[in-house]
Amino acid sequence: MTDVLLGFLTEYWLSLLSVICLLVISAFFSGSETALTAASRSRMHTLENNGEERAGMVTRLIERRDRLIGTLLIGNNLVNILASSLTTSLLIGLFGDSGVAIATVAMTVLLVIFSEVLPKSWAIASPDRFALAVAPWVRPFVAVVGPISSLVNAIVRRILHLFGINLSSDLPMLTAHEELRGAVNLLHREGSVIKADRDRLGGVLDLGELEVSDVMIHRTGMRAINADDPPQTCVREILESPFTRLPLWRGSADNIIGVVHSKDLLRALAEPNVEPETLDIVKIAQKPWFVPDSTNLKDQLNAFLRRKLHLAIVVDEYGQVQGLVTLEDILEEIVGDIADEHDIDIQGVRQEADGSIVVDGSVPIRDLNRALDWSLPDEEATTVAGLVIHESKSIPEERQAFTFYGKRFTVMKRVKNRITKLRIRAAEDEGQVA
């Protein structure tokens with residue numbers, strides 16, 4: 005038996021070497037397919053800008069992904085079939101008809117281990133590096149076999165079209181923003197991106213989805229100056245205010261006639277023969293800028309930068325004043341105002357010893373989500389009180405409690421029709437509280 009095997013190897017060594025080479029080429033095609041489809045386009049773009057020529061090759065290859073995959077599959081199937089045919093021919097010469105079964109089992113094991121699992125596992129472990137290594141070899145093969153792949157793809161599209169499937173009109177399931185958000189959330193869950201960075205990136209992505217009404221200071225919390233008050237009273241209010249700019253109204257709070265900047269006030273007071281009692285506040289006020297409450301935050305940010313202004317008065321569709329929005333309000337949607345990701349450091353939120361959270365009704369849902377890493381919906385309501393009213397379909401009384409979105413909301417204080425204070429705890433903790 006040994007002499008027969010040695011004689012066989014001596015006679016068919018060239019065919020055996022060919023099979024081994026074909027298995028290596030098959031592994032190359034399998035690994036290349038995995039690496040090039042999993043390679044990061046953004047990283048390749050960065051490397052290309054830094055002068056890496058192979059990154060440019062990878063980028064151009066994956067721009068036509070269907071052509072690339074088709075070409076690699078043609079090459080992979082070609083070498084696999086050829087290797088199986090050679091092995092079957094060799095083993096039939098050695099074992100007769102039973103060589104077919106032996107060749108089938110042997111090639112299945114060899115192809116699965118050495119031409120599929122091994123190269124693909126290697127490629128998926130470092131797809132970018134693997135893609136850069138194989139790109140110079142794959143590119144000429146795609147250039148030669150690409151037309152055949154395009155023909156195959158055209159035939160496939162025509163067949164699918166007969167079944168009502170039109171690949172050319174298929175739209176991506178996710179928008180670019182959704183893909184970015186998903187990637188950031190995944191990296192945060194894996195620990196590669198900290199919560200603060202995730203919130204900042206999420207804030208940038210959210211600008212296009214939010215409106216001015218979502219971040220504005222409501223008219224009930226707006227500080228403004230009455231132009232009909234004595235000048236010295238107006239000066240004192242402006243100087244004692246923590247804000248640099250204050251709206252100026254006359255007659256009623258809806259009649260905003262200007263915006264007073266504290267620096268303009270100080271300049272006016274520094275003029276000779278000017279006293280607080282004789283100062284005309286209206287003359288130093290800037291012209292107010294009114295914006296609709298439905299303005300997109302991204303557009304409003306661009307408008308602030310373009311006009312070089314920091315404050316705008318928000319009005320509804322009827323022209324009634326709803327509040328004000330500042331450049332800082334929009335920037336805080338990006339950078340946040342939380343000192344530590346483990347501390348609750350937003351105004352109107354207090355952590356209780358029993359684990360519950362006491363919240364002012366006017367606290368924005370987005371701020372609460374960001375501070376506590378919650379996911380309360382903010383599509384139908386801007387504030388926590390608004391969310392409770394929306395979900396309960398009523399204006400709750402004090403001590404009424406509701407459970408939704410995994411939280412237990414208890415109304416602690418109500419002033420007229422406004423919910424001013426709530427207690428929030430996890431719904432599963434409710435049964436543990438005496």
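Read the sequence shown against our numbering and you will find it ends at 438, with the numbers running on by one and no gaps. We put the CB at the ideal spot given by N, CA and C, even for glycine.
- Under the three-state reduction of DSSP, residue 416 is assigned to strand.
- Counting along the chain, residue 117 sits inside no beta strand (DSSP E), nor does DSSP assign it H or E at all.
- In the structure shown, residue 41 falls within a helical segment according to DSSP collapsed to helix, strand and coil.
- In this structure the region 79–88 does not touch the region 161–171; the number of beta carbon pairs closer than 8 angstroms is below three.
- The residues 27, in chain order, have a CB closer than 7 angstroms to that of residue 114 in the same chain once the five nearest residues on each side in sequence are set aside.
- Distances from the alpha-carbon of residue 405 to those of 166, 414 and 195 put 414 closest.
- In this model, residue 36 and residue 135 are separated by some 7 angstroms (Cα to Cα).
- By the criterion of a C-beta distance shorter than 7 angstroms, residue 365 is surrounded in its chain by 387, 388, 389, 422, 423, 424, 425 and 426, once the five residues flanking it on both sides are discounted.
- Going by beta carbons, residue 382 and residue 369 fall inside the 9 angstroms limit.
- Around the CB of residue 93, fewer than 16 other CB atoms lie within 10 Å, so the residue is classed as exposed.
- When the five nearest sequence neighbours on each side are left out, the beta carbons in the same chain lying within less than 7 angstroms of the beta carbon of residue 407 are those of 431, in order along the chain.
- The secondary-structure analysis by DSSP pairs residue 28 with nothing; it has no beta-bridge partner.
- Judged by beta-carbon spacing, residue 271 lies within the 9 angstroms limit of residue 288, meaning their Cβ atoms are closer than that value.
- For the set 396, 60, 353 and 215, the Cα lying nearest the Cα of residue 429 is the one of 353.
- For residue 411, the pairing in a beta bridge is given by DSSP as 408 and 430.
- If you ignore the 5 residues before and after residue 410, its C-beta comes within less than 6 angstroms of the C-beta of 431, all in its own chain and listed in chain order.
- Between the alpha carbons of residue 98 and residue 19 lies a gap of roughly 13 angstroms.
- Residue state for residue 253 is assigned as strand, using DSSP reduced to three classes.
- Residue 17 counts as exposed, since fewer than 16 other C-beta atoms from the protein chains shown sit within 10 angstroms of its C-beta.
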